[in-house]
């Protein structure tokens with residue numbers, strides 16, 4: 049295929065605007081990846097439909113919101129391809145073929161599916177669309193011949209499922225699919241929510257959004273979980289599990305000062321308000337240019353959707369080339385050959 | 049939609065050439081249906097792939113063989129639409145959307161799936177593509193807005209599953225899908241195989257093919273299962289479960305003579321050879337014009353595939369119109385509306 053650059057696929061379900069947890073966990077990484085890899089950024093609306101059947105209007109607006117977040121953080125459509133999953137129907141077609149290569153039992157054993165199914169409280173009512181998600185994802189990845197897929201540790205079983213499918217397919221029909229690799233970030237710590245309880249997420253209501261207003265950010269920072277035993281300023285405080293310090297570690301450029309603050313906090317004599325105000329300042333500085341770019345792009349939603357339209361056209365071209373070779377080896381390209 | 053004629057969908061998996069069991073069970077009915085309904089005849093190769101992964105070359109030839117059988121029995125491309133399932137990728141896309149409306153448990157409870165899964169001996173290794181077959185079929189049916197689906201009694205649960213999906217979809221997104229009805233033939237008796245053991249099927253090796261050579265037919269008829277206790281010509285014989293009489297009942301135009309033969313056979317004094325020779329004559333007469341037309345069409349396979357290509361083009365046009373309205377109510381037609 050004489051590929052010059054390696055291909056990477058990444059993406060998000062458009063369940064709402066993105067937050068700083070997305071930034072730390074993946075967006076920041078993509079801004080780097082797009083410089084050296086042929087990066088495809090997928091707005092996974094088909095998966096969004098699966099989790100929000102019946103709220104189609106919301107989904108549509110979310111696609112715009114997610115794209116605004118992409119552009120705001122510096123994901124650059126001149127360097128990468130932003131596209132909408134459902135507008136590349138070749139993925140659906142490939143999914144259907146892959147479904148013959150995987151057993152139901154194998155999907156039910158998938159640790160990611162088991163874990164997410166528990167989180168969503170499906171019980172015995174797992175939607176078929178949810179169960180086959182790993183197969184759908186295998187199609188997403190392989191239709192773009194992705195070499196690397198940046199994922200969190202919890203998503204690695206999905207990539208393993210993709211590799212199994214690629215090997216089965218190539219063995220049965222012929223070597224046309226590329227085997228992907230999971231790229232798990234070294235500093236792959238998830239950002240906890242502002243409540244300190246779990247990872248940051250929209251549904252838990254513990255997120256700071258990339259486009260959020262300065263006052264809202266301040267209010268949330270001031271309500272952050274710190275150390276419940278740190279009641280008086282003079283009390284010694286705990287840094288571990290303290291969300292304010294966790295965020296300072298990530299966002300504060302002055303590491304030495306943060307370490308000094310930690311020491312002070314541990315000894316006692318440093319109030320929560322002081323560290324929260326510092327974090328607020330750091331976050332405001334980090335978010336200001338992102339918010340500014342987001343607002344600028346938001347003035348012309350049609351232009352933003354046009355970026356997605358062009359990306360989708362390119363993605364579709366790549367996808368249909370892969371699908372053509374898949375159909376060729378499966379010998380179901382009936383009207384092309386003798 | 050101001051439809052003038054009702055729409056019907058029927059089809060076959062291209063697992064090999066068709067036999068007289070197919071003729072009795074469905075082909076004969078289709079030749080009638082095409083006169084009054086807008087009939088779509090689907091060569092279900094995606095389902096064929098599910099059951100024959102790894103034999104893609106065979107599948108391709110089977111598509112030609114099945115089409116030759118269609119044309120030979122009088123399925124008329126000027127009256128109906130013959131098409132290849134996998135060449136209408138809109139079906140795959142619609143299947144993916146429907147998968148979110150059905151639970152895994154519901155599919156596992158489907159009687160047709162349970163029964164076929166047992167027949168195929170999948171045990172706990174049910175391919176995902178097999179489990180979701182009812183959803184795939186719901187997409188086949190609804191993408192053509194089929195009002196009626198001619199099926200055997202054993203396939204009725206599949207149509208019930210389709211109706212459930214249609215109702216869910218229309219309730220959640222808006223009324224765009226047509227609810228189909230199962231059309232179970234009144235004289236829906238299946239043709240048993242020549243061994244008398246089960247229904248006629250390729251895999252059981254007990255079939256008489258529509259295109260089979262006269263000598264081969266004769267040989268098979270002479271080896272047919274009759275009455276194992278009817279050893280001497282003078283012995284009284286049993287008509288019930290006797291394959292030769294079962295076939296005479298269906299194919300012999302002279303019902304009175306067949307009844308007289310049955311009486312004689314029951315009394316004793318009528319040899320198997322006599323009734324087999326009669327059946328051979330009847331079948332040869334029935335098959336001769338079919339074989340002739342089949343041979344004529346087979347001289348120009350490219351012309352036959354061209355019929356399928358044109359049918360597929362028409363089917364795709366209808367399918368993409370339905371899919372467009374589906375995407376519109378799902379609100380995922382991103383670049384069409386504001």
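Protein chains in written order, with the working numbering: chain A, 49 to 386; chain B, 49 to 386. Cβ coordinates follow ideal geometry from the N, Cα and C atoms, glycine included.
Determine the closest residue to residue i out of the options, with distance taken between C-alpha atoms.
{"i": "residue 239 of chain A", "options": "A:313, A:275, A:254 and A:278", "result": "A:254"}
{"i": "residue 185 of chain B", "options": "B:368, B:274, B:75 and B:204", "result": "B:204"}
{"i": "residue 377 of chain A", "options": "A:154, A:62, A:223 and A:143", "result": "A:223"}
{"i": "residue 152 of chain B", "options": "A:173, A:146 and A:136", "result": "A:173"}
{"i": "residue 55 of chain B", "options": "B:190, B:121, B:113 and B:307", "result": "B:190"}
{"i": "residue 258 of chain B", "options": "B:209, B:311 and B:333", "result": "B:333"}
{"i": "residue 220 of chain A", "options": "A:379, A:53 and A:129", "result": "A:379"}
{"i": "residue 126 of chain A", "options": "A:141, A:316, A:86 and A:375", "result": "A:86"}
{"i": "residue 274 of chain A", "options": "A:285, A:261 and A:290", "result": "A:290"}
{"i": "residue 197 of chain B", "options": "B:187, B:93, B:181 and B:228", "result": "B:228"}
{"i": "residue 337 of chain A", "options": "A:112, A:119, A:306 and A:111", "result": "A:119"}
{"i": "residue 138 of chain A", "options": "A:187, A:165 and A:122", "result": "A:187"}
{"i": "residue 319 of chain A", "options": "A:282, A:286, A:297 and A:355", "result": "A:282"}
{"i": "residue 300 of chain B", "options": "B:287, B:330 and B:340", "result": "B:330"}
{"i": "residue 268 of chain A", "options": "A:117, A:92 and A:243", "result": "A:243"}
{"i": "residue 202 of chain B", "options": "B:217, B:209 and B:163", "result": "B:163"}
Does DSSP put residue i in a helix, in a strand, or in coil?
{"i": "residue 131 of chain A", "result": "strand"}
{"i": "residue 80 of chain A", "result": "helix"}
{"i": "residue 321 of chain B", "result": "helix"}
{"i": "residue 383 of chain A", "result": "coil"}
{"i": "residue 278 of chain A", "result": "coil"}
{"i": "residue 377 of chain B", "result": "helix"}
{"i": "residue 6 of chain A", "result": "A query on residue 6 of chain A cannot be resolved here, the shown segment of chain A reaching from 49 to 386 and no further."}
{"i": "residue 226 of chain A", "result": "coil"}
{"i": "residue 60 of chain A", "result": "strand"}
{"i": "residue 350 of chain B", "result": "helix"}
{"i": "residue 199 of chain A", "result": "coil"}
{"i": "residue 136 of chain B", "result": "coil"}
Check the Cβ-Cβ distances between residue i and every residue of chain B, and say whether any is below 8 Å.
{"i": "residue 30 of chain A", "result": "Any property of residue 30 of chain A remains undetermined from this structure, which presents chain A solely from 49 to 386."}
{"i": "residue 215 of chain A", "result": "no"}
{"i": "residue 398 of chain A", "result": "This structure leaves residue 398 of chain A out entirely; chain A is present only between 49 and 386."}
{"i": "residue 151 of chain A", "result": "yes"}
{"i": "residue 141 of chain A", "result": "yes"}
{"i": "residue 107 of chain A", "result": "yes"}
{"i": "residue 192 of chain A", "result": "no"}
{"i": "residue 137 of chain A", "result": "yes"}
{"i": "residue 132 of chain A", "result": "yes"}
{"i": "residue 257 of chain A", "result": "no"}
{"i": "residue 144 of chain A", "result": "yes"}
{"i": "residue 374 of chain A", "result": "no"}
Between residue i and chain A, is the shortest Cβ-Cβ distance under 8 Å, so that the two count as touching?
{"i": "residue 175 of chain B", "result": "yes"}
{"i": "residue 379 of chain B", "result": "yes"}
{"i": "residue 326 of chain B", "result": "no"}
{"i": "residue 299 of chain B", "result": "no"}
{"i": "residue 339 of chain B", "result": "no"}
{"i": "residue 60 of chain B", "result": "no"}
{"i": "residue 207 of chain B", "result": "no"}
If we count the other Cβ atoms within 10 Å of its Cβ and call it buried at 16 or more, is residue i buried or exposed?
{"i": "residue 62 of chain A", "result": "buried"}
{"i": "residue 248 of chain B", "result": "buried"}
{"i": "residue 277 of chain B", "result": "exposed"}
{"i": "residue 115 of chain A", "result": "buried"}
{"i": "residue 83 of chain B", "result": "exposed"}
{"i": "residue 302 of chain B", "result": "exposed"}
{"i": "residue 315 of chain B", "result": "exposed"}
{"i": "residue 280 of chain B", "result": "exposed"}
{"i": "residue 226 of chain A", "result": "buried"}
{"i": "residue 135 of chain B", "result": "buried"}
{"i": "residue 167 of chain B", "result": "exposed"}
{"i": "residue 58 of chain B", "result": "buried"}
{"i": "residue 171 of chain B", "result": "exposed"}
{"i": "residue 370 of chain A", "result": "buried"}
{"i": "residue 169 of chain B", "result": "exposed"}
Any chance the CB of residue i is under 7 Å from a heavy atom of the ligand FMN?
{"i": "residue 174 of chain A", "result": "In terms of ligand content, the structure shown is empty, and the ligand FMN therefore cannot be addressed."}
### Task
Within the segment 228-313 of chain A, note down every full alpha helix (DSSP H) run reaching 4 residues or more, in order along the chain.
262-270 and 291-299
### Task
Entirely within the segment 141-185 of chain A and at least 4 residues each: give me those alpha helix (DSSP H) ranges in chain order.
152-157, 159-167 and 176-179
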